[in-house]
Every structure is written in C-alpha cells, then in structure tokens.
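Asks: No gaps in the numbering here: position 68 of the sequence shown is 897 in the numbering used here, and each next residue is one more.
The following block contains the structure, expressed as structure tokens.
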Amino acid sequence: MRRVLISVLALFLFTGVFSGICRADTALPANVGGHEDIAVQTNIMTVDEAVTLALNNRTDVESASLNWDAADIASRIAWETANGTGPSDLINLIYEADYNLAAARTNYETRREAVKYSVYQKYYEVVSALDDYDAKQLALKLAEEKTAISELRFQLGMDTKLAVYQAQQEAVAAQANHAISQQSIDTAYISLLEYIGADKGQRPDLVRELTYEPLQITTPETRINEIVNDSPSVWLAEKSLVAKDLTREHSASLSGDLDDIQYEQAELTIITTKDAMRQATRNIYYSVLSMQEQYETALQGAKTADEALRVAKLLYEVGMGTKTDVTAAEIAAHSAHQAVDSLSYQHAMLVMAFEKPWTTSGA
C-alpha cells in the first residue's frame, strides 16, 4: 500500500501539482540560432540587406544594366549617323534607337524590382521555416511530456497499454516532423543565399517580423491609374502606337487603309492593356485592405495567447496547473505570433505587388 501511495505522489509531482518542486521550462523558444542541433550564428541579416546583396551579385541585374549601357551608346551613335540622311530615315533611325534605349532602361528597372520581390519571398520562406521549426519543437516537447505521463499512469494501473502505445506513436511522429522541419530550414536558407549570391554555408539570423506599415491611400482610383500608366506593358503598347503612326506617315510600302487599321488596332491594344492592368491592380489593392484587417485580428490574437500563457504559468507556479498546460499554452502563443510574423511579410509583399504589379507577373 505504501508503494502505491509513493507512486501516486510521483505522478502528481511529475504533472506539476507541486510546482515549487517540479518546474517547467516555460520560456518560448529563441531564434533558431540558439538550438543545439543547428549551427549557432550571431550575425543578423535584414531583408533589405539581402535585397542589396542580390542587386549587387546577380548576373541578370548586371546583364540588364549592360544592355542599358549598350542601348545608350547605340542611341548616341544613331543620332550621329542620322546626320545628313533623309527626313524619313532620320526619324525612323532615331526613333528605333530611342525606343531601344527606353526599353533597356525599363527592363533594367523592372528586373531590379522583380529581384527585390523574389528576395522578400525567399526571405519569408526561411522565416516561415524557422517558425515552423519552433512550433514542431514545442509539439515534440508536449508529446514527450504526455508520453511520460501515460507511462507513469500505466505503471500505477491508471491507464492501458494501448494508451501508452498511442502516446509513444504521437511522440515518434512529432520527432519525425521536428527533423523534417530542420531540413526545411536548410533548404530555405540555401535557396535564399544562393539567390542573393552569399555563402550557402552561412546561417545568418533573420528578422522574424517586419515592421508593419499599413497602406493608406486617400484616393485609391487616382493611385491605381498612376500605377497603370507606369506599367511596362502599357508603355510597350503606347510605343507600338507611335511606331504605327510613324509607319503610316513615312512608309510607302503599305496601303493607307492597312496603315489605318493597324493604327486603330494599336489604340485598342492600349485600351485593353490598361483595363486589364487597372482591374488587376484594383484587386490587389482590396486584397491589401483585407490583409490589413487580418493582421489586426492576428495581433489581437497574439495578445490574447500571451495572456493565456501568462495565466498558465501563474497557475503552474501556485500548484493549480500542470506542466502540459503550460506547454500547450506555449504552443498556442507561438502559433499566434507565427501568424503575425507571416502576415507582416505577406502584407509587405502584397503592397509591393500593388505598387508594381508587373514585378510579380514577369511583365
């Protein structure tokens, strides 16, 4: 009888009833750099620093810059060569050179913006992997605690062997998920570092949550029209219209009727291109507004989860809660903050997509 009482007392102690003797480690997990099974790093790389590295190291950006330089030289040569030629040849030659120059500049600027957006995506993928790792670590901790309790309850005759097997199976699954999440971190890091031209063996600490800056526009339709007019696809359509106009005025090889038809087609292309871009941009704008509401909700959810964790710790300290209660509250709090982290990056990328929709579509 005494042996049974001692075992029951041990169960109570393990589950945290006498918390002054048995304490839980209730601190939320630190950045992944603090984990023992991942190389410790003390250097921090912000997303803006990652963007700068990518813009300085990527060959596609350098190639676009060289194309712009070459187009600039070709434009100057065209102006020099055009001296002394006929009016029609002069106009066509200069227009073509200036068009190529403007196209090269537009391509360079668009490429830089596209690279910036891609860096944000890859940076966010690492942050998401880090948050997921911490979540899986907490899930493993809870599964191990439940397994230990189940095994002790079985020894006391308070639970079945099946319950023990089920708890052990959940712990094994949690361990496997934890290991997979660690592999996901390495994959995401390599993808980011390779893209920005950094050493793939590094594991710099990243900023988990971006500073949230809500998009506030007084006259949305005015801003949307400005974005549409800045679109490279609209620019290309307008340049095509100018080319058709020049052809209609200076080319003798095509009939006037055909020239007029092609000119009208170019005008329609501008209209349809603007309409499509305007609708796409407007859709993104309302998606941004919706996400801003989600962010505020998630922020409140994180505050609520933090308070629930504080209460769980307090109850544990005074002997009215268990160790698993605290771990479960830790998981809920981490999940809430993970949602805030995720939305901060998704919002930033969506705002970028609104300001320059063509960077996300490859236009």
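Here a beta-carbon is modelled for each residue, glycine too, at the ideal position from N, C-alpha and C.
For residue 1035, which of helix, strand or coil comes out of DSSP?
Replies: Reduced to three states, the DSSP call for residue 1035 is strand.
Asks: Taking 8 Å as the threshold, find out whether the stretch 968 to 984 comes into contact with the stretch 921 to 930 through three or more Cβ pairs.
Replies: Output reads no: the stretch 921 to 930 does not touch the stretch 968 to 984.
Asks: Candidates 903, 1143, 961: which alpha carbon is nearest residue 1163's?
Replies: Nearest of 903, 1143, 961 to residue 1163, Cα basis: 961.
Asks: Given this structure, state the Cα-to-Cα distance separating residue 940 from residue 874, to the nearest angstrom.
Replies: For residue 940 and residue 874, the distance between alpha carbons rounds to 23 Å.
Asks: Between the C-alpha atoms of residue 859 and residue 890, what's the straight-line distance to the nearest angstrom?
Replies: For residue 859, the predicted model reports a pLDDT of 40, less than 50, meaning its position is unreliable; a value from the coordinates is still stated below. Their Cα atoms are separated by approximately 36 Å.
Asks: Taking residue 1178 as part of the alpha helix (DSSP H), name the residues at either end of that continuous run.
Replies: 1152 to 1184 is the extent of the alpha helix (DSSP H) around residue 1178.
Asks: On the three-state DSSP scale, how would you describe residue 856?
Replies: Note that residue 856 scores 33 on pLDDT, short of 50, meaning its location in the model is unreliable and no value can be drawn from it.
Asks: Does DSSP classify residue 1106 as helix, strand or coil?
Replies: Helix at residue 1106.
Asks: May I ask which residues mark the beginning and end of the alpha helix (DSSP H) holding residue 1050?
Replies: Per DSSP, residue 1050 belongs to the alpha helix (DSSP H) from 1049 to 1059.
Asks: Determine the burial state of residue 1115: buried for a count of at least 16 other Cβ atoms within 10 Å of its Cβ, exposed for fewer.
Replies: The residue is exposed, with fewer than 16 neighbouring Cβ atoms inside 10 Å.
Asks: Should residue 1130 be listed as close to the ligand PLP, given that the test is whether its C-beta is under 8 Å from any heavy atom?
Replies: The ligand PLP is absent from the structure shown, which contains no ligand whatsoever.
Asks: For residue 873, which residues does DSSP report across the bridge?
Replies: DSSP, once it has assigned bridges, lists 1034 as partnering residue 873.
Asks: May I ask which residues mark the beginning and end of the alpha helix (DSSP H) holding residue 1001?
Replies: Unbroken alpha helix (DSSP H) run through residue 1001: 990 to 1025.
Asks: Quick one, are the C-beta atoms of residue 887 and residue 1018 less than 9 Å apart?
Replies: Cβ distance not < 9 Å, so residue 887 and residue 1018 don't count as in contact.
Asks: CA-CA distance, residue 1188 and residue 932?
Replies: Approximately 16 Å, taken between the alpha carbons.
Asks: Give the secondary structure of residue 984 by DSSP, where H, G and I count as helix, E and B as strand, and everything else as coil.
Replies: Reduced to three states, the DSSP call for residue 984 is helix.
Asks: DSSP on residue 941, reduced to helix/strand/coil?
Replies: In this structure, residue 941 counts as helix in the three-state DSSP scheme.
Asks: Leaving out the 5 sequence neighbours to the left and right, which residues in its chain are closer than 8 Å to residue 1154 when beta-carbon positions are compared?
Replies: These residues qualify, in order along the chain: 845, 1141, 1144, 1145.
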